[in-house]
Amino acid sequence: MERETAKILDKIRQKRLEKKLSLLNLANDVGISHSHLYYIESKKVIPSIDVIVKIAKSLGFPLKDLLD
């Protein structure tokens, strides 16, 4: 996994925890299973751009900040 991808996934997890959202709540909002979100955050799966955009939107995280 590329370092940049790992940084994005770390930011997703950090933002979810800051907002005190469970994996299940965020996954339901995004439209994926909680296990899929777990694998994303654990860096076992690389999500599609579409899923990253949905997660960022759900977390209120501007996509440009996620990519910085």
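Those letters in the sequence shown? Residues 219 to 286, by my numbering.
Each residue gets a CB set at the ideal place from its N, CA and C atoms; glycine is no exception.
This structure is a prediction, so every number in the text was calculated from the model and none was measured.
Item                                                                                                           : Value
Tyr-256 versus Ala-224: straight-line alpha-carbon distance, rounded                                           : 14 Å
Ile-230, DSSP secondary structure in three states                                                              : helix
Continuous alpha helix (DSSP H) stretch holding Lys-272: start and end                                         : 267–277
Spatially closest choice to Asp-268 from Val-248, Asp-286, Glu-259, by CA coordinates                          : Val-248
Outcome for Pro-265 when other beta-carbon atoms lying within 10 angstroms are tallied against a minimum of 16 : buried
Unbroken alpha helix (DSSP H) run spanning Leu-239, endpoints                                                  : Per DSSP, Leu-239 belongs to no alpha helix (DSSP H) and is neither H nor E.
Neighbour-count burial assignment, Glu-220, 16 or more Cβ in a 10 Å radius                                     : exposed
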